[in-house]
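A short worksheet on the structure shown next.
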Amino acid sequence: MGGEDEEAEAIPHVQTEQGGNQTQPEAEDMAHERAEQVGNRTLPESEYRGSVDSRHVRGNLDEEPADPIYDGPHYDPRCEHSTLNFTVGMSFNSPEQFKEAVEEHSISIGADIKWTRSDKNKKHVECRQKCGWYIYGS
């Protein structure tokens, strides 16, 4: 028994953020688990999975892009506009391209839209029938 007490005393204890005590190896294991949970993020299931522009999203969120320029979803004017899913953060080359994309999409699905706010850098569009659909670009 004396040997076990000596072993227990040899393992340093650390104070946790919650005020409890843990052995150094336990604290390191918990820190490693937290790092794995943060480092290996998984995206929740999305209705946009497999959409036209999902191929432009980086797979590993922890990697920094090689190029400092935005590396998120980007609008492709050659896409099939009837199946286009606009996503938060999608980029366009210009406000004019955004406007053209929205108009092409609305024509291809037969939607009646109105531009409720339109200035040099901000565009807001909504469904004319008050269906609740809208899109905002800036």
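The sequence shown maps to residues 1 to 138 in full-length UniProt numbering.
Note that the Cβ used here is the ideal one computed from N, Cα and C, for glycine as well.
A Cβ-Cβ distance of about 16 Å is found for the pair alanine 101 and cysteine 127, leaving them out of contact under the 8 Å criterion.
Per DSSP, the continuous alpha helix (DSSP H) segment holding valine 102 begins and ends at 95 to 109. The beta-carbon distance between histidine 74 and serine 94, rounded to whole angstroms, is 12 Å. This is too long to meet the 8 Å contact definition. Residue pairing from DSSP places glutamate 126 in a beta bridge opposite Lys114, Tyr134. Across the structure, isoleucine 113 and isoleucine 69 are spaced so that their CA atoms are roughly 32 Å apart.
Distance between glutamate 104 and aspartate 71, taken at the CA atoms: about 24 Å. Residue Ser106 holds the alpha-carbon nearest to the alpha-carbon of tryptophan 133 among Asn121, Ser106, Asp119, Lys120.
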